[in-house]
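The opening position of the sequence shown corresponds to residue 63 in the numbering used here, with each subsequent residue numbered one higher. Each residue gets a CB set at the ideal place from its N, CA and C atoms; glycine is no exception. Only one structure is covered here, and it is reproduced in the block below.
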Amino acid sequence: MARRARGRRGALETHGSVAPSPYICRRLPFFDVLDEETVDKLERQVDWIFENVGIDFRDDPEALRIWKKAGAEIDDCRVRADASGIRALCGKAPCEFQQMARNPERSVTIGGNNQVFAPIYGAPFVRDLQGGRRYGDMGSFEKLVKLAFMHPHLHHTGLVICEPCDVPVSHRHLDMLYTHMTASDKPHLGAITEMSRAQDSVDMAEILHGRDLLDEQCVIMGNVNTNSPLLVDKVVTEAIRVYCGRGQGIIVVPFILSGAMGPVSTAASVAQAMAEAMMVCAFSQLVRPGAPFVLGNFLSSMSLKSGAPTFGMPEPVISNYAIGQLARRAGLPLRCGGSLTASKIEDAQAAYESADAMHSTMLAGANFVLHAAGWMEGGLCTGFEKLIMDADRLGSYQKILDHGFIADDEAMARDAYEEVDPGGHFLGCAHTMRNYTTAFYEPELSDSENVESWEEGGAKDMRARAYEKWNAMLAQYEAPPIDVAVDEALKDYVARRKREIPEAWY
């Protein structure tokens with residue numbers, strides 16, 4: 063089963079005065095906003111939902127059979143269970159585990175004090191400064207995977223970085239998986255929309271990593287949503303049976319728009335999210351004790367006038383902090399937040415909303431952050447420039463988390479005071495020269511020069527600089543090496559499955 067990780071791998075390259083690593087091991091304390099009384103009250107609400115309200119598990123008789131065997135109360139498809147039993151089952155999931163990458167130097171540790179950033183997931187549209195907004199296609203998908211692979215502050219490439227809408231729905235998971243497995247050597251996710259697609263994901267992961275490693279380690283995970291409120295459908299339970307049944311990981315995320323899929327109050331929505339996710343965690347441990355599990359949270363406020371989701375608002379920001387505390391109390395790795403915005407382009411709205419959403423995600427201690435870069439238009443669109451702009455800011459979060467507040471002898475700089483007289487300056491002293499390359503984070507996309515230099519350079523705004531950056535990155539892209547026999551085996555698997563699966567566009 064999932065082994066405990068032993069620590070971080072070596073740095074990969076230098077970027078913005080931060081030495082990138084395959085994931086972040088935070089030194090900064092968690093930002094806990096709830097007092098003990100409030101935490102206890104929320105947990106009692108969660109337990110009340112387990113025992114009195116229950117969760118529907120629909121369209122999967124095998125899931126109900128598993129619950130019945132475990133002694134749960136079954137009423138039609140409603141499952142209620144003793145709270146202590148649910149919490150005991152959740153205690154079987156590892157609080158920390160490693161997802162192995164094709165390149166072991168890029169493996170990530172999820173849980174504990176560790177944080178992993180992954181790009182946007184699931185957008186049907188893409189946008190860039192030159193091409194505008196359009197349906198995603200395989201060409202865009204490949205470019206985005208390459209950019210996520212190349213950027214040092216994205217540790218994981220996710221899966222549906224955009225929907226390749228020019229490929230039949232029944233086949234596209236195969237092309238997406240093959241691209242992640244060959245164009246990148248970072249860890250990634252697998253498909254979940256049908257049980258057979260989840261099985262394809264695990265089967266291809268076995269080809270890539272080998273049966274022995276798959277038997278011992280988590281090498282692939284699925285990311286699923288409960289159908290809030292209080293409903294788990296067969297997409298979730300079948301994915302769990304495939305992934306967890308094989309010892310692989312599952313991320314389960316209640317997607318709750320407060321006021322629609324949950325009560326309008328933040329406290330009730332947080333408790334509902336915990337109840338839904340923990341109930342599914344318990345199910346995953348009934349399928350296979352010790353299977354890696356990540357408790358997800360996607361709480362959003364909404365416009366009660368239009369019904370549109372809103373992002374970066376105070377209610378979901380505070381919910382990130384609350385659910386962070388509750389997840390740590392439950393001993394489960396957490397997924398939440400990201401650089402979320404409802405804005406259609408990379409404007410001031412996008413910057414404000416993304417910064418507030420991502421900053422609270424960072425402080426709350428989310429161990430796995432999907433949508434950390436590239437999210438626009440409420441998740442409907444992946445922005446090429448937004449991906450690069452967000453990832454640039456992730457480097458600053460990494461420095462905050464990874465370094466914390468340093469107060470060692472070198473940081474106190476006593477020798478500098480011996481060298482610099484009152485009224486002098488520290489620019490050329492020995493202490494400054496020893497530390498000038500690492501003292502401050504230097505974002506690549508920000509322009510801090512004077513206005514004359516900026517105008518001489520073409521007076522480019524950040525969108526223009528990001529456009530140039532991602533195009534330059536793609537021009538320098540080199541595919542990570544892969545064993546020829548493994549590559550051929552993956553190609554053969556994809557070709558065989560495409561012959562077996564009829565083309566379908568829905």
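Where residue i falls, given that 16 or more other Cβ within 10 Å makes a residue buried
i    : result
P249 : buried
E518 : exposed
R561 : exposed
Q538 : exposed
V188 : buried
G69  : Residue confidence is low: G69 scores 36 on pLDDT, short of 50, so the model does not pin down where it sits. Its coordinate-derived value is still stated next. Classification of G69: exposed, given that the 10 Å Cβ count is below 16.
A419 : buried
R397 : buried
Q205 : Sequence check: residue 205 is Lys here, not Gln. Its Cβ being crowded by 16 or more others within 10 Å, K205 is buried.
L489 : exposed
M495 : exposed
H421 : buried
K553 : exposed
T76  : Any reading at T76 must be qualified, since the residue scores a pLDDT of 41, below 50, and its modelled position is unreliable; the value itself is stated next. T76 should be labelled exposed.
I468 : exposed
S381 : buried
Y498 : exposed
E511 : exposed
P156 : buried
R359 : Note that residue 359 is Asn in the sequence shown, not Arg. Looking at its Cβ environment, which holds 16 or more other Cβ atoms inside 10 Å, N359 is buried.
Cβ-Cβ distance between residue i and residue j below 7 angstroms
i    : j    : result
E338 : P354 : no
E569 : L191 : Residue 569 falls outside the range modelled here, since the chain spans only 63 to 568, and no answer is possible.
D57  : D295 : Outside the displayed range of the chain (63 to 568) lies residue 57, so it cannot be described from this structure.
V231 : W567 : yes
L216 : F159 : no
V170 : P91  : no
V264 : I313 : no
D464 : I128 : no
C306 : V342 : no
I450 : A528 : yes
L96  : Q387 : yes
G400 : V379 : no
N176 : D247 : no
I282 : G309 : no
H493 : A475 : yes
Y227 : G198 : Checking the sequence shown, residue 227 turns out to be Cys, not Tyr. Their beta carbons are under 7 angstroms apart, which means C227 touches G198 by this criterion.
P181 : E225 : no
E300 : M257 : yes
A260 : V304 : yes
Helix, strand or coil at residue i according to DSSP, with G and I counted as helix
i    : result
I223 : coil
F355 : strand
P371 : strand
M495 : helix
I302 : helix
P316 : strand
S232 : helix
I462 : helix
L361 : strand
I128 : helix
D452 : helix
A551 : helix
F93  : coil
I563 : coil
I111 : helix
D118 : strand
G307 : helix
G457 : helix
V556 : helix
M63  : Its pLDDT being 40, under 50, M63 is placed unreliably by the model, and nothing is read from it.
Length-filtered (3 minimum) beta strand (DSSP E) runs lying within the segment 131 to 217: 135 to 137, 140 to 142, 158 to 161, 170 to 173, 176 to 179, 187 to 190 and 194 to 197
Entirely enclosed alpha helix (DSSP H) segments - the segment 380 to 450, minimum 4 residues: 410 to 426
Check whether the segment 440 to 448 touches the segment 479 to 494, counting contact only when three or more Cβ pairs, one atom from each stretch, lie closer than 8 angstroms. no
Any contact of the segment 231 to 247 with the segment 95 to 114, i.e. 3+ C-beta pairs under 8 angstroms? Result no; under three Cβ-Cβ pairs closer than 8 angstroms.
Beta strand (DSSP E) segments (min. 3 residues) lying fully within the segment 249 to 305: 283 to 288
Quick test of the definition: if touching needs 3 or more C-beta pairs under 8 angstroms, does the segment 400 to 420 touch the segment 328 to 346? no
Does the segment 315 to 330 come close enough to the segment 283 to 297 that 3 or more CB-CB pairs lie under 8 angstroms? yes
How about the segment 423 to 430 and the segment 378 to 397: do they share at least three Cβ pairs that are nearer than 8 angstroms? yes
What alpha helix (DSSP H) runs, 4 residues minimum, are completely inside the segment 495 to 548? Within the segment 495 to 548, the runs of alpha helix (DSSP H) that reach at least 4 residues and sit entirely inside it are, in chain order, 513 to 518 and 524 to 537.
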